[in-house]
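Protein chains in written order, with our numbering: chain A, 1187 to 1460; chain R, 1187 to 1460; chain X, 1187 to 1460; chain Z, 1187 to 1460. Here a beta-carbon is modelled for each residue, glycine too, at the ideal position from N, C-alpha and C. As the structure is a prediction and not an experimental result, all values here were calculated from the model.
4 protein chains.
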Amino acid sequence: MIIVIQCTDQVGLVAKISGLLANENLNIVSMHEHVDKGENMFFMRLEVTDQPDDVSLEQKLQQLLPKGAIVRVNPSPEKKAIVMVTKEYHCLADILVRNHFKTLGASVQCVIGNYTNLADICRRFDIPFYHVPFENFKEEAESSILGIISRYEHDYIVLAKFMRVLSPGFVSRFPNQVINIHHSFLPAFAGANPYRQAYERGVKLIGATAHFVTDELDEGPIIAQQIISADHSFTASDMVKAGKEIETAVLAKALRMVFDDRVFICKNKTVVLE
Amino acid sequence: MIIVIQCTDQVGLVAKISGLLANENLNIVSMHEHVDKGENMFFMRLEVTDQPDDVSLEQKLQQLLPKGAIVRVNPSPEKKAIVMVTKEYHCLADILVRNHFKTLGASVQCVIGNYTNLADICRRFDIPFYHVPFENFKEEAESSILGIISRYEHDYIVLAKFMRVLSPGFVSRFPNQVINIHHSFLPAFAGANPYRQAYERGVKLIGATAHFVTDELDEGPIIAQQIISADHSFTASDMVKAGKEIETAVLAKALRMVFDDRVFICKNKTVVLE
Amino acid sequence: MIIVIQCTDQVGLVAKISGLLANENLNIVSMHEHVDKGENMFFMRLEVTDQPDDVSLEQKLQQLLPKGAIVRVNPSPEKKAIVMVTKEYHCLADILVRNHFKTLGASVQCVIGNYTNLADICRRFDIPFYHVPFENFKEEAESSILGIISRYEHDYIVLAKFMRVLSPGFVSRFPNQVINIHHSFLPAFAGANPYRQAYERGVKLIGATAHFVTDELDEGPIIAQQIISADHSFTASDMVKAGKEIETAVLAKALRMVFDDRVFICKNKTVVLE
Amino acid sequence: MIIVIQCTDQVGLVAKISGLLANENLNIVSMHEHVDKGENMFFMRLEVTDQPDDVSLEQKLQQLLPKGAIVRVNPSPEKKAIVMVTKEYHCLADILVRNHFKTLGASVQCVIGNYTNLADICRRFDIPFYHVPFENFKEEAESSILGIISRYEHDYIVLAKFMRVLSPGFVSRFPNQVINIHHSFLPAFAGANPYRQAYERGVKLIGATAHFVTDELDEGPIIAQQIISADHSFTASDMVKAGKEIETAVLAKALRMVFDDRVFICKNKTVVLE
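What follows is the structure, encoded as structure tokens:
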């Protein structure tokens, strides 16, 4: 059983929490905590053996902790995700494969794409695909997408190379729920065409960044980043090709962390208790 | 203040320890713990603010914990190290520089070398250098070295590219105190000439391993490892050259961890609470 | 158009080859060469624009080069591969996805598995799957597999987590054609259960190695290797899980290099002209 | 002997060059070339055995190649470097150690610092140190520095954590000769206080960039970049500390490449023929 706690910091919190769990005869298998001194915030993720009455444990922890504490005991063990894509297959296929073999940590409800070319791979994995063109009537498109989303349970919306900018109005409906993969080492090369920008600048590393989406384009809390080497022989299109491998890996890692309840959001940063 | 605990595992240990610290009005700044289930061992490293009476805190913790617990409050804040070398300068120079600028985490007492070529760099940093030839009379050499060591306080002996094999008798006098840098990704290429072995095998990565030295050659607990890429264009001597960079970095990292009281030894493995 | 050359080294080879191509009005787009001094061997991979008469160019190059030279102009531009698996899906699914989207660099002809659980994913991608149990009658199994292979064109046989040892007789039928992914940083942890071995040894890095298969188990020429970090908190099963990510990536990279005619074999090593 | 060529591209260049060398009975040990198609530029680095008459070989190559070709045969085999620093020791000490043991690839002529604290380490290595305060009278300071530089032969000026901005007038006197280490993964976090910026942004990787200095701050051609992982537990000051390791390594690598005549500059990018 997983317990996740986020609250203002205070002397003795660990003693209180671990004392309560010991009283309940729950054995702590793993415990990770972090204190953000600047923000005076406390974060903790616990794995305990045995399955007590979740509800009363959550209440007991709430009573123990500072006001405003967020406590989740056994946060939805099977997350539900909706995936949005444009044309590129690599992140989507990776997600569909993991979903199919039950190693994603969430179940994919449906895929929404603004092109049709990825409908086939979804069909092969028995996942509903919805085509919503996004070219001219963004408002209309977003409203169609909201309609589709509303038909499915969902904990997270994963932008798996969705190459359109969603409006702040759309994003604000899903706070801390939209995860994007950006094809650069943010904050370098935010915005459109990062590989072209990277090529022009002559960088020696190519990066990818998975982050939560907020109102500000490419400015949300970063979950995971990674890079691979590039050199002078890379054309912009070689960078795109090499970048795909790292995009797939970084998004996969970020989803693993999020779906496993390891990621906390604190202002514009994440705390990832691996 | 740092507190380090190693004992058999038991339900409620974290609650007990953090409860005691809260009672003493000590604020936990950082806490890392690990439980090795196979060995049923508990490891913890705490940083707390304020400086209580170390001795009584150590006793109180001892009383609280399972029999046989190892508790150290404020383990020697300035470690003392003796360095042994052969001919290569790179690890030694890195250690001397950090020592000179007080960023090593330990103070170097003296350097013992089986060649004379590194005497000069030691002299430049005002560190005593002792020349002990090691060719024919190993027993004699080891006994000279023991004599030198006995004249200095020392917590650790660092083999910074010391290319002779020390006898089990010698090593056993310094349990968990001798740290070596081996120029391969152990357990691959143990023993002599690892780069030649790596070259012959055509590996695509070159590694380095920092480990505690035990009776069995290159078999002690591993503290840190790292690799860099190699390719077909590397000669054995290119591998040596590239390897030096990584050897320096890995040994530096291992020493940082050890000197900062982050490394616990459990049978033939380490627990590194970073 | 790609030209691949492997021959004994000799002064003036580059001048001869590039002179001939200039005479034929072929513009060199990229040229990589390597000389193995120990073996006195010369390796070259060229990309040139335009499509001359392949056959006569191959003959002209042959006449120019030392006796015994291997010259291939436009080596089969669409490679054909047969994949063998046991139970794990990760490498296979990655190959099937790339194959499906035509980015593998080869076309998968069929999959042979000694369990049935991967038949479904093959069916979803319209790739024939053959079940050949391998438990008791290895000779019989190998003979069945040979029968299946003989029905398909094939340039390479990819062991994508095929966990049985093929007999030397089997392997010798496909010299330099069988590619395996081994789940360790070879030569460390050859043989069975490498993650268990790695766990027991307490290594701080987990590796994977793609290599050509020869008579000697896990001793063939290495094509690509990579590692990821591990630490004391990894159980043997965490190592398996983390290892899968790196196995998939390393095998994908090795196949990209091989299928793109970048890998030469020289005794027990590879030359990879990236 | 090393030969370095940079000229406009043309069909048959490799044939011409290698033909000439074959005529001169020079055996090519290693050859790296690159063609930048966008700029239509050709770059080549050759290592050949034997020592012919450098001057006439250079002339012969010039006659053979397109007008405006830059040809250097045996470019100054012992480079001379002047190092500028502020307060931090790590990059300087690494350079001084390599210089001392003749593995830097250049000889350090003197060190110029705008603080005095690094005078001591220079003295220990018998390298002249000049103190030029830089606080208020930048023009005056730069003129003092120019005076010092003029007294020494120099191929390169290395800014080894020199934390003041040099004026365009100063920089333009040393085109393609000033090398800087910037403590971020450029173009992210250009300008002052990159670690503070990185901390505020919550990045999961910390980078360092070695680049040639041009008029535009932090915008010159990038030579080498590298990163290390960071996480939520890093304070800004932890990032500084971790960053130092990578800064040292990246600058060392860049200098090795430059001093070994492997780096070509083409507009705002480098070609690094490793």
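Let's test the definition: count the other Cβ atoms within 10 Å of the Cβ of residue i and tell me whether it reaches 16, buried, or not, exposed.
i: VAL1323 of chain R; result: Looking at the sequence provided, one finds Phe at residue 1323 of chain R rather than Val. Exposed: under 16 other Cβ atoms inside 10 Å.
i: TYR1381 of chain X; result: buried
i: ILE1268 of chain Z; result: buried
i: LYS1390 of chain A; result: buried
i: ASP1447 of chain Z; result: buried
i: GLY1333 of chain X; result: exposed
i: GLN1171 of chain Z; result: The requested residue 1171 of chain Z is not part of the displayed model; chain Z covers only 1187 to 1460.
i: ASP1306 of chain X; result: exposed
i: ASP1401 of chain A; result: exposed
i: ASN1211 of chain Z; result: exposed
i: LYS1223 of chain R; result: exposed
i: VAL1357 of chain A; result: buried
i: ILE1335 of chain Z; result: buried
i: ILE1160 of chain Z; result: One cannot answer for residue 1160 of chain Z here, as it falls past the ends of chain Z, which runs 1187 to 1460.
i: ALA1378 of chain X; result: exposed
i: TYR1342 of chain R; result: buried
i: GLU1325 of chain Z; result: exposed
i: SER1370 of chain A; result: buried
In the structure shown, what three-state DSSP assignment does residue i receive?
i: LYS1265 of chain R; result: strand
i: ARG1309 of chain Z; result: helix
i: ARG1149 of chain R; result: Given a span of 1187 to 1460 for chain R in the structure shown, any question on residue 1149 of chain R remains unanswerable.
i: LYS1430 of chain A; result: helix
i: SER1415 of chain R; result: strand
i: LYS1455 of chain R; result: strand
i: ASP1236 of chain Z; result: coil
i: VAL1215 of chain X; result: strand
i: ASP1195 of chain Z; result: coil
i: VAL1436 of chain A; result: helix
i: MET1230 of chain Z; result: strand
i: VAL1318 of chain R; result: coil
i: ARG1442 of chain A; result: helix
i: GLU1460 of chain X; result: coil
i: GLU1210 of chain A; result: coil
i: GLU1339 of chain A; result: coil
Roughly how many angstroms lie between the CA atoms of residue i and residue j, to the nearest whole one?
i: PRO1373 of chain Z; j: ASP1404 of chain Z; result: 8 Å
i: ARG1350 of chain Z; j: THR1194 of chain A; result: 40 Å
i: GLN1237 of chain X; j: ASN1209 of chain X; result: 14 Å
i: LEU1206 of chain X; j: GLN1383 of chain Z; result: 56 Å
i: PRO1314 of chain A; j: GLN1363 of chain A; result: 21 Å
i: ALA1279 of chain X; j: VAL1283 of chain A; result: 7 Å
i: ILE1298 of chain Z; j: SER1329 of chain Z; result: 13 Å
i: MET1217 of chain Z; j: GLU1233 of chain Z; result: 6 Å
i: VAL1294 of chain A; j: ALA1416 of chain A; result: 34 Å
i: PHE1229 of chain Z; j: THR1456 of chain Z; result: 11 Å
i: GLU1274 of chain A; j: THR1289 of chain A; result: 22 Å
i: LYS1266 of chain Z; j: ILE1189 of chain Z; result: 19 Å
i: ILE1414 of chain A; j: MET1187 of chain Z; result: 33 Å
Strictly by DSSP, which residues pair up with residue i?
i: VAL1344 of chain A; result: A:VAL1269 and A:ILE1365
i: ILE1189 of chain R; result: R:LEU1232 and R:VAL1259
i: ASP1222 of chain R; result: R:MET1227
Measuring only from the beta carbon, is residue i closer than 6 Å to any heavy atom that is part of the ligand GDP?
i: GLY1299 of chain R; result: Ligands displayed in this structure: none; no statement on the ligand GDP is therefore possible.
Practice item. Return the chain-ordered ranges of every beta strand (DSSP E) run that is complete within the segment 1241-1305 of chain R and spans a minimum of 3 residues. Key: Complete beta strand (DSSP E) runs here, min 3: 1256-1259, 1265-1271 and 1292-1299.
**Study point:** 4-residue-minimum alpha helix (DSSP H) runs that sit fully inside the segment 1346-1412 of chain R, ordered along the chain
**Key:** 1354-1358 and 1380-1387
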